[in-house]
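Numbering (the working numbering), first residue to last: 2 to 122.
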Amino acid sequence: MISNPRMRELAAIQSILTKALLQARESNAKRIKSLRVALGEISELDRDSIQKHWDELSRGTPAERAQLHFRLIHAEVQCMACFKKYHPLDGKIHCPHCGSYGAKVLSGEEFYLEAIELDDE
């Protein structure tokens, strides 16, 4: 298991790059023009950091200079005491309905490739 946050970030971005390059190769594309990435609101990743690492990792590949577009996935958690769903505000995860601190994350931690635009020329 990767414990360093920077290493987790790099591994996640490398995974997206690997999938994109594989799809480009299978489609006989010359380069990758753009990618749409789903990014959870409470994931440990941020757009600027993703872009910086993307630029570093994709250098010299068909994905170099590909534009990254992000789709934000809003966070939703479910209280483990009253089972009501809510949006955690400002990183506070206590339930606004009953005040409990036990919650299960339902969405908002995602990071995955949704779409890719390839260039054959």
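A virtual CB, placed ideally from N, CA and C, is assigned to each residue, including glycine. Since this is a predicted model, take the numbers as computed values, not measurements.
Practice prompt. Verify whether the separation of the beta carbon atoms of A82 and S101 is less than 8 Å.
Written response: Yes, they are a contact pair.
Worksheet item: Do you know offhand how far K105's Cα is from G92's?
Response: Looking at the backbone, the Cα of K105 and that of G92 are separated by about 14 Å.
Worksheet item: What number of angstroms, rounded off, separates the C-alpha of I43 from the C-alpha of A30?
Response: Across the structure, I43 and A30 are spaced so that their CA atoms are roughly 34 Å apart.
Discussion item. Does E10 pass the burial test, meaning 16 or more other C-beta atoms within 10 Å, or should it be called exposed?
Written reply: With 16 or more other Cβ atoms within 10 Å, it is buried.
Worksheet entry | When R7, M8, T62 and E45 are compared against L32, the one with the closest alpha-carbon | In the sequence on display, residue 32 carries Arg and not Leu. With distances taken between Cα atoms, R32 lies closest to T62.
Item to complete: Could you say which of E57, K86, G41 and I117 lies nearest to Q15 if we only look at CA atoms?
Response: Selection E57, K86, G41 and I117 evaluated against Q15 yields E57 as nearest (Cα-Cα).
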